[in-house]
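Peer 1: Please see the structure below; I have some questions.
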Amino acid sequence: MEAPLVGGATLAERMARWGLALVVVYGLIALATPLLVHWGLLSDPNAGLENPIYAPPSFGHWCGTDRLGRDVCVRTLSGSSVALQVVLTALVLALAIGVPLGMVSGYLGGGVDRLLVLVMDTLYTLPVLLLSVVLAFLLGRGLPNAAAALCVVYVPQYFRVVRNQSAQVKAELFIEAARSLGAGPAWIMRRYLFRNVITSVPVLLTLNAADAVLVLGGLGFLGLGLPETIPEWGSDLQQALTALPTGIWWTALFPGLAMFVLVLGLSFLGEGLENWLSGGSATPDRQ
1 MEAPLVGGAT
11 LAERMARWGL
21 ALVVVYGLIA
31 LATPLLVHWG
41 LLSDPNAGLE
51 NPIYAPPSFG
61 HWCGTDRLGR
71 DVCVRTLSGS
81 SVALQVVLTA
91 LVLALAIGVP
101 LGMVSGYLGG
111 GVDRLLVLVM
121 DTLYTLPVLL
131 LSVVLAFLLG
141 RGLPNAAAAL
151 CVVYVPQYFR
161 VVRNQSAQVK
171 AELFIEAARS
181 LGAGPAWIMR
191 RYLFRNVITS
201 VPVLLTLNAA
211 DAVLVLGGLG
221 FLGLGLPETI
231 PEWGSDLQQA
241 LTALPTGIWW
251 TALFPGLAMF
261 VLVLGLSFLG
271 EGLENWLSGG
281 SATPDRQ
């Protein structure tokens with residue numbers, strides 16, 4: 001059992017609290033930024049003709065401007081909303097597909113199980129970034145397409161976790177009792193299996209969210225993520241590379257720092273929840 005630190009909180013609890021605080025801050029920023037832009041309190045993230053290009057940080061532009069005169073601070077804040085929107089959409093879709101398929105595969109077994117395992121293992125063996133790049137290239141640029149590309153990447157992870165737990169739970173006595181009373185597979189999976197296999201999903205969800213933020217940034221960096229009119233950290237970092245050798249550091253620092261802190265917060269939350277809820281048991285990870 002993990003020893004408590006100063007103040008009675010364990011390291012896992014502190015990590016979860018710090019991670020939750022960072023994620024909440026990003027969530028508030030994501031909700032507030034579009035409203036502030038709509039009300040005119042923040043400038044349009046794509047407007048820059050009236051501003052000087054590559055202006056350093058100042059009171060007028062706290063994070064400076066980029067090569068088109070766009071405010072780096074506003075674009076970085078707007079990128080939070082875009083990143084969370086795409087990542088949450090992708091992971092919700094992955095949950096909606098992976099969890100039911102995992103329950104069906106683990107409970108029914110037989111040919112259905114072998115077929116689903118074959119398909120999911122094939123997807124699982126492919127590197128995350130490579131698979132997402134191929135899917136993004138085939139689907140094209142856009143918010144729904146980026147979410148769909150990320151969704152396919154993470155479906156096998158939820159499938160594997162839920163399938164393994166479903167195969168274990170179906171051998172329990174209460175499942176046998178329900179089956180002997182005439183309950184059908186659909187009723188058993190909905191009434192008993194779901195509540196027993198869903199407990200480990202929140203931990204995997206937070207860890208996948210951290211990974212998805214990086215993958216989305218990688219797609220944007222390669223020019224395969226979102227349209228240029230949508231502020232996104234990865235594409236802003238790619239555009240900042242040309243000016244970085246000339247000493248213009250602010251166009252790369254702030255989007256990169258925003259991405260790093262969000263990933264750190266999600267990782268802290270996931271690792272803290274994993275150690276706190278499961279007592280240090282390992283959660284399946286994707287290499």
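Residue numbers for the sequence shown follow my numbering, so the first one is 1 and each next one is one higher.
Cβ coordinates follow ideal geometry from the N, Cα and C atoms, glycine included.
Kindly list the residues whose CB is nearer than 8 Å to the CB of E228, restricted to its own chain and excluding five residues on each side of it in sequence; keep chain order.
Peer 2: For E228, where only same-chain residues beyond five positions count, the Cβ hits under 8 Å are S235.
Peer 1: Per DSSP, what are the beta-bridge partners of T125 in this structure?
Peer 2: According to DSSP, T125 bridges with nothing at all.
Peer 1: Does at least one heavy atom of the ligand GDP sit under 7 Å from the Cβ of Q157?
Peer 2: Looking for the ligand GDP in the displayed structure turns up nothing, as the structure carries no ligands at all.
Peer 1: Give every residue of the same chain whose Cβ lies closer than 8 Å to the Cβ of V213, excluding the five residues on either side of it in the sequence, and list them in chain order.
Peer 2: Same-chain partners within the cutoff: A83, V87, M259, L262, V263, L266.
Peer 1: Give the single residue among S43, N208, L222 whose Cα lies nearest to the Cα of C151.
Peer 2: Nearest option by C-alpha distance: N208.
Peer 1: Using the three-state DSSP reduction, which class does T229 fall into: helix, strand or coil?
Peer 2: Here T229 sits in coil by DSSP.
Peer 1: If you draw a straight line from the C-alpha of M120 to the C-alpha of P245, how long is it?
Peer 2: When rounded, the distance between both Cα atoms is 44 Å.
Peer 1: Considering only the beta carbon of each residue, do V320 and L224 sit closer than 8 Å?
Peer 2: With the chain covering only 1 through 287, there is no way to say anything about residue 320.
Peer 1: Does the stretch 97-111 come close enough to the stretch 158-166 to have 3 or more Cβ pairs within less than 8 Å?
Peer 2: With a cut-off of 8 Å, the stretch 158-166 and the stretch 97-111 count as touching, because enough Cβ pairs lie within range.
Peer 1: Go ahead and pull the three-state DSSP assignment for T89.
Peer 2: Note: T89 maps to helix in three-state DSSP.
Peer 1: Report the rounded CA-to-CA distance for G218 versus L130, giving the unit in angstroms.
Peer 2: Roughly 10 Å between the two C-alpha positions.
Peer 1: Taking Cβ to Cβ, would you say G220 is nearer than 8 Å to K170?
Peer 2: Result no, Cβ atoms of G220 and K170 do not sit closer than 8 Å.
Peer 1: Between the alpha carbons of V155 and A55, how many angstroms are there, rounded?
Peer 2: Distance between the alpha carbons of V155 and A55 is about 43 Å.
Peer 1: In chain order, which continuous runs of the beta strand (DSSP E) of length 3 or greater are located wholly inside the stretch 20-54?
Peer 2: Counting whole runs of 3 or more residues, the stretch 20-54 contains no beta strand (DSSP E) stretch at all.
Peer 1: Starting from the C-beta of H61, find all residues in its chain whose C-beta is less than 8 Å away, skip the five residues before and the five after it, and write them out in chain order.
Peer 2: Once the five neighbours on either side are set aside, the close Cβ partners of H61 are N51, A55, D71, V72, C73.
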